[in-house]
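For the record, in the sequence shown the residue sitting at position 40 is 1355 according to our numbering, with numbers rising by one throughout. We put the beta carbon where it would ideally sit given N, CA and C, even for glycine. The structure appears below as structure tokens.
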Amino acid sequence: MEACSMSYSRNMDDEYEKFIRRMNPPRVVIDNESCKNATIIQVDSVNRHGILLEVVQVLTDLNFIFTKAYISSDGGWFMDVFNVTDQDGNKITDEEVLDYIQKALGSETSFTTSVDSIGVTSSTDHTVIELIGSDRPGLLSELCAVLTHLKCNVLNGEVWTHNTRAASVMQVTDEESGLAITDPEKLSIIKKMLCNVLKGSDKGNEAKTVVSCGVTHTERRLHQMMFADRDYERPQEGCSENQRPDVKVVNWYDKDYSVVTIRCKDRPKLLFDTICTLTDMEYVVFHGNVDAEGPEAYQEYCIRHTDGFPVNSEAERQRVIQCLEAAIERRVSEGLKLELCTTDRVGLLSDVTRIFRENSLTVTRAEVTTRAGKAMNTFYVGDASGYPIDPRIIDSIRKEIGQTILKVKGNAPEFSQNPQESPNRFLFGGLFKSKSFCNFGIVRSYS
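Take a look at the structure:
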């Protein structure tokens, strides 16, 4: 009888919360007048754990740049104010985009998913493959070669490497049907072969492959996977102290909060990375202030654990610091950024990554996107031996691919802007030419 009463009470609480949300749907105000150089987006809503991450995730997925933010969620109400621009530093004026923001953030249905299932829904369009294991030169090339051999086409995905570990989330389809892979036997073979590749190092027992059908928020899953893999415990190799983010955690005893402050070089999606990590570590942000108008970003959060207590031990304090440092560092890529745009086809990713591997380049991060039959891929690469990339290697890649448009940006005058076509483009030149290769650009990136 007591168990029934407890269940009944819980159900009543859930229904009451839903009723309150329906009576007080989120209110979104978009202001393009008050600030000279940014669009101000204010969101007011009934408060619950995870709502801050959901709002930040929506705006981050639109590739907005956050210049300032004010967060307040003390009590039963949540209020966020964001100053945002587009990638070029301009205000957001596109009416379709503004309408999307209102619909995405301003309806009660936008905030009914639990924090554990953000961005995850069923789908028959593709199969999601999650991979994590020890990083090594050529790993991405080997994984892509296996998928091509198994007649799988990679539509979208990302690869991150951090502290000797590599994690990837890929959306793949069956080559014949163009849809999700549903054959249990084939799914089993995919898992087995990919896991064999990941186990090709001394730490093979730490490799993991998960195959499922669904739509996953890729970047959040990557954070969750690397957090679960405890990548934050491994020392960052080759990173000096002055390059590391400055993260501090102190207790504000008068208010029973822990105050987290972060100073580091600003970059896109930094706010998402820190809020994502705090949320997945089961901390609630009650107040926050973000300033990223200059080259350095400053973030300050007043937090408590979901159990209502601030950080209450030195071990917990160090863990929060390490996890936030790792969340910031995972997306940082120092090296060359290569952008590939061409007609999509099965095996394209395998061919491109094989070229990198054969030219002694290792991929430290990758973003794979397919839109309207076009593959738009971004690779962050470095020399497999850890030395600066030899300009002759870039020339060699251009000659192998052929029909390319190659751009060099940043402080890299040694790279030629106008490569000459090689008369001996017999390896991959003809292949890319026949597939309407439209752009292969390269820039130096530290973002």
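Selection from V1667, E1411, S1388 and F1671 that minimises the alpha carbon distance to C1656: V1667
DSSP bridge partner residues for M1540 (one or two, in chain order): None, per the DSSP bridge assignment.
For R1707 and N1674, the rounded distance between their alpha carbons: Roughly 10 Å separates the two Cα atoms.
A1681 burial status per 10 Å Cβ neighbour count (16 or more: buried): buried
Beta-carbon proximity list for F1587, same chain, < 6 Å, skipping 5 on both sides: V1371 and T1375
Completely contained beta strand (DSSP E) runs for the segment 1335–1416, where each covers 3 or more residues: 1342–1346, 1354–1361, 1380–1387 and 1392–1400
Buried/exposed call for P1703, threshold 16 Cβ in 10 Å: exposed
S1456 at chain D interface by Cβ criterion, 8 Å: No chain D is present in this structure, which holds just one protein chain.
Closest Cα partner of T1594 within the set P1583, Y1616 and R1578: Cα-wise, what sits closest to T1594 is Y1616.
Start-end ranges of the alpha helix (DSSP H) lying completely within the segment 1604–1663, minimum 4 residues: 1629–1644
Alpha-carbon spacing of R1645 relative to G1448, whole angstroms: 15 Å
Other residues of its chain near V1626: CB distance less than 7 Å, five sequence neighbours each side excluded: V1564, N1566, S1573, R1632 and V1635
Whether C1591 touches R1535 by CB criterion (8 Å): yes
Minimum C-alpha distance to K1584 - residue among S1388, E1629, V1600 and I1643: I1643
Straight-line Cα distance separating I1577 from F1426: Below a pLDDT of 50, predicted positions are generally treated as unreliable, and F1426, at 46, falls in that range; the measurement from the model is reported next regardless. Answer to the nearest angstrom: the Cα atoms are 28 Å apart.
Classification of P1264 by the beta-carbon crowding that lies within 10 angstroms, buried from 16 upward: No information on residue 1264 is available, as it lies outside the stretch 1316 to 1762 that the chain covers here.
Nearest to R1765 (by Cα), restricted to the options D1705, T1679, V1396 and D1710: Since the first and last residues shown for the chain are 1316 and 1762, residue 1765 lies out of range.
C-alpha distance - H1364 paired with I1444, whole-angstrom precision: 28 Å
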